[in-house]
Amino acid sequence: MPVDAATAGGKCTKAGLTQKTKGISYKCTKSGKSLKWVKVSATATNTSATTTTTTIATKGVNGPVGITSWTTTVSPNPVKPGAQFTITSVISCGPIMSLTGSPHYPEMLAWMNAPGFVGAQFGVPILSNGGNTATFTGTATAPSGTGGFKVWTYVRDRINPNACTGDVSSYKNSDGASFLTLTVSSSAATNTTVAGAVAKDGGACTNGGDKSTASGGYLECRAISGGSYKWFKLSTSPAAVSMPAGGSSLDACKLTEARINKFQPWNIGFPRGTSDDTPALPSTGVSNIQLIAVDFSDAVGTAEELTAADAQISEYNKWFKFTSNGTLSFNWQYPKRWLRMSRPSPDYVHVKGDRAKVLPMAQEIVSLADPLIDFTNSDFVFVLFPRTIHGLSDGIGMANWRVESADGPVKNLFGGADYFYDNNYELWSYWIHEWGHPMGLAGHSPRSNLSIMDNQNGSSVTLNVWDTFFAGWMGADELYCMPSTQSTLETQLIPLERLQRGMRGVIVPISTTEALVVESHRAEGWGSRLGDGTYGVLVYYIDTTKDTDRSGEQQGIVKEVWSKYVTPMTVDTNPDPSNALKKLLLQGDRVTYKGITVTLTKTGDVDTVKITK
């Protein structure tokens, strides 16, 4: 077999390529951030309205492993921005599936090419056709933007590899090649609460995110503990929130670095930095950064793209100005012209972490820009690729490596490519995320879409309380460190997404290496992608003796994390970021862990929490 022959799960270079090996057809598809050969099977083909299916398996026949039909629909379609919609996916398989035994029904997931989409929440399916067919129904939130968005479902076997798909590691249909289109339109039919009902503060409602005008502000329909919905009176200009008295010095909340296993270089506890004393990027002062635009003979950049990058720079600066409390700013150099690389884009095969492939490309980029840019004391270089690029996937990246310029070394260089463009992800939040790591933020815990260091493409791209404190950007005028002798605290919390100063978080130290953190979130500002009506309080546990092991991340396995959500049921160990919104405490919810109880007693413009121990 030729070295480059397609095999199931093997690496390929360009999405959409097809190849036959021994009579079997394969297609090059995205799997996470990598490109792999996937066997082309006779599964359903989704269209903009419906999905074509093949013949459903004979009732109750325990046949060969494999998908025999697959249909997916969404309702309503069209839907209003931020409104909830239902995804129904019906899959038929050769083997007879079981809800409790083996072979088990498969895991069903859904995705959309919309920024911040957090997935659909599918429950246990309904089995029919003698167990050969499973019907999954899930709910999801439409994006805040309008237009047509691709929606697709994908599955893999959960326990037994011979249950349905024949694979417990790789998802089927995961590349979005088969999809339907959800139309998000402001003119779509409006969700109604109760016909003829008058919205009033505290009154019942039925559709989360619905709004009604009111004197001095507006009413919003929100979910509360137990699954019901109520109207809440909100202001267009929320009042100031003061700090409670009696907090400890913030030094008492500086957990000590104590990792046993070190899966990445950056400390989890104080001091910020690395165990080998690699210098971290500054969190204060003025930093020197450069943006270099490069294109290729097969992917030519446009003047419009160069101009559009100004908006990315502006949002980047705005985010840091607020999040750092004005302590960190940037001196940008951006020549605003395309520099042509020497080879076509497919010739630059980027393998994450492979110096032999990354460094030559990084050196060529810096050398091209050397006549135009002064790289003296360069802290970071960002690379702008044209939107027509294909084959570089998530782009190029190096942190604390080294290439040379005429003015000195360049150690940090990142650029997002087709992975970001194909999914309509923003570049500025990616730039911030990648800056954060060499600044000393390990990130990637507690595994969510609610903090930029967890996921730069998430529903909320704020920085969570722990990382903000760890960076030195949150003082005693915004963060309350609960004394060990204090048994009860009741306080209001400003949502992190709001550009408002004041009380924004609580840390409850448990030991020198453990703490609970409490913070509030809203669907506003940098969290507008959360979906109308989304609110709540996050509680998460930090253990600085742990680290996050991402070695199995592409297979959906994260064996160790340094931070976990505390939910109404337990400490969450599910690393799936699509479950993030389930972690938000609603009004009336209460969680207890390590003898500490946190209750969200009241919501409105801000959230009121009660902490007891």
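Everything in the sequence shown is counted per numbering that gives the first Met the number 0, starting at 0 for the first residue and increasing by one.
Virtual Cβ for every residue (Gly too), placed ideally from N, Cα, C.
Would you report the Cα separation of residue i and residue j, rounded to the nearest angstrom?
{"i": "Y153", "j": "I90", "result": "10 Å"}
{"i": "E477", "j": "P494", "result": "12 Å"}
{"i": "G146", "j": "T87", "result": "21 Å"}
{"i": "K413", "j": "P77", "result": "According to the sequence provided, residue 413 is Phe. The question's Lys does not apply to it. Going from the Cα of F413 to the Cα of P77 covers about 38 Å."}
{"i": "I506", "j": "L338", "result": "48 Å"}
{"i": "V517", "j": "V565", "result": "10 Å"}
{"i": "Y592", "j": "A514", "result": "10 Å"}
{"i": "G435", "j": "N411", "result": "11 Å"}
{"i": "S68", "j": "N131", "result": "10 Å"}
{"i": "L647", "j": "A475", "result": "Not covered by the structure: residue 647. The range shown for the chain is 0 to 612."}
{"i": "V409", "j": "S450", "result": "28 Å"}
{"i": "K601", "j": "T607", "result": "5 Å"}
{"i": "A119", "j": "D373", "result": "47 Å"}
{"i": "Y333", "j": "G144", "result": "29 Å"}
{"i": "P237", "j": "C204", "result": "23 Å"}
{"i": "G268", "j": "G246", "result": "21 Å"}
{"i": "N266", "j": "C92", "result": "47 Å"}
{"i": "D542", "j": "K317", "result": "31 Å"}
{"i": "M530", "j": "A82", "result": "Per the sequence shown, the amino acid found at residue 530 is Gly instead of Met. Cα to Cα, the separation comes out at about 7 Å."}
{"i": "T277", "j": "E256", "result": "15 Å"}
{"i": "L462", "j": "V538", "result": "15 Å"}
{"i": "M111", "j": "T136", "result": "16 Å"}
{"i": "L98", "j": "A307", "result": "51 Å"}
{"i": "T182", "j": "G532", "result": "20 Å"}
{"i": "G202", "j": "A416", "result": "48 Å"}
{"i": "N206", "j": "V560", "result": "35 Å"}
{"i": "L440", "j": "F469", "result": "8 Å"}
Between which two residues does the beta strand (DSSP E) harbouring residue i extend?
{"i": "G396", "result": "I395 to M397"}
{"i": "S127", "result": "I125 to S127"}
{"i": "T543", "result": "Run containing T543: none; DSSP gives neither H nor E here."}
{"i": "E403", "result": "V402 to S404"}
{"i": "T140", "result": "T132 to T140"}
{"i": "V154", "result": "G146 to R155"}
{"i": "V464", "result": "Looking at the DSSP string, V464 is not in any beta strand (DSSP E); the run it does join, the alpha helix (DSSP H), is V464 to F469."}
{"i": "L418", "result": "Per the sequence presented here, residue 418 reads as Tyr, with Leu not at that position. Per DSSP, Y418 belongs to no beta strand (DSSP E); it is in the alpha helix (DSSP H), D417 to D421."}
{"i": "D294", "result": "G284 to D294"}
{"i": "K171", "result": "Looking at the DSSP string, K171 is not in any beta strand (DSSP E), and its letter there is neither H nor E."}
{"i": "T180", "result": "L179 to V183"}
{"i": "T547", "result": "No beta strand (DSSP E) holds T547; DSSP gives it neither H nor E."}
{"i": "G268", "result": "No beta strand (DSSP E) contains G268, which DSSP labels as neither H nor E."}
{"i": "K261", "result": "Note, K261: premise wrong, no beta strand (DSSP E); not H, not E."}
{"i": "L599", "result": "I595 to T602"}
Pull the bridge partners of residue i from the DSSP assignment, please.
{"i": "V620", "result": "Past the edges of the chain, shown from 0 to 612, lies residue 620, and the structure says nothing about it."}
{"i": "E489", "result": "K609"}
{"i": "K79", "result": "Answer by DSSP bridge pairing: none, since K79 is not bridged."}
{"i": "S562", "result": "I541"}
{"i": "C92", "result": "I66"}
{"i": "A109", "result": "T152"}
{"i": "Q586", "result": "Note: Q586 sits in no beta bridge, so no partner."}
{"i": "P408", "result": "E403"}
{"i": "S97", "result": "H103"}
{"i": "A522", "result": "In the DSSP output, where bridge partners are listed per residue, A522 has none listed."}
{"i": "F413", "result": "F381 and G396"}
{"i": "A298", "result": "F295"}
{"i": "T533", "result": "DSSP output for T533 lists no bridge partner at all."}
Who are the Cβ neighbours of residue i in its own chain at under 8 Å, not counting the five residues just before and after it?
{"i": "L233", "result": "G216, Y217, L218, E219, G603 and D604"}
{"i": "T283", "result": "S323, T326, L327 and G471"}
{"i": "L492", "result": "V240, M502, R503, G504, V505, V517, E518, S519, V536, V605, D606, T607 and V608"}
Can you list, in chain order, the residues of its chain whose CB lies under 6 Å from that of residue i, leaving out five sequence neighbours each side?
{"i": "V285", "result": "S328 and N330"}
{"i": "E433", "result": "F413"}
{"i": "G587", "result": "I223 and S224"}
{"i": "A298", "result": "S344, P385, T387 and I388"}
{"i": "G125", "result": "Checking the sequence shown, residue 125 turns out to be Ile, not Gly. Excluding sequence neighbours, I125 sits near T134."}
{"i": "P160", "result": "V167"}
Between which two residues does the alpha helix (DSSP H) harbouring residue i extend?
{"i": "K317", "result": "A302 to T322"}
{"i": "G435", "result": "L426 to G435"}
{"i": "T72", "result": "Careful: T72 lies outside any alpha helix (DSSP H), inside the beta strand (DSSP E) at I66 to S74."}
Could you name the residues of the same chain whose beta carbon sits closer than 7 Å to that of residue i, not counting the 5 residues immediately before and after it, in chain order?
{"i": "T164", "result": "I66, P105, V154, R155, D156 and K171"}
{"i": "D369", "result": "S404 and A405"}
{"i": "A251", "result": "C480 and P508"}
{"i": "E363", "result": "M340 and S341"}
{"i": "E496", "result": "S459, T461, H520, R521, E523, G524, W525 and G526"}
{"i": "T544", "result": "A257, R258, I259 and T512"}
{"i": "Q485", "result": "G245"}
Can you list the beta strand (DSSP E) stretches of 3 or more residues lying completely in the stretch 187 to 238, in chain order? Complete beta strand (DSSP E) runs here, min 3: 210 to 213, 216 to 222 and 228 to 234.
Which runs of the beta strand (DSSP E) spanning at least 3 residues fall entirely within the stretch 325 to 379, listed in chain order? Qualifying beta strand (DSSP E) stretches, in chain order: 327 to 332 and 337 to 339.
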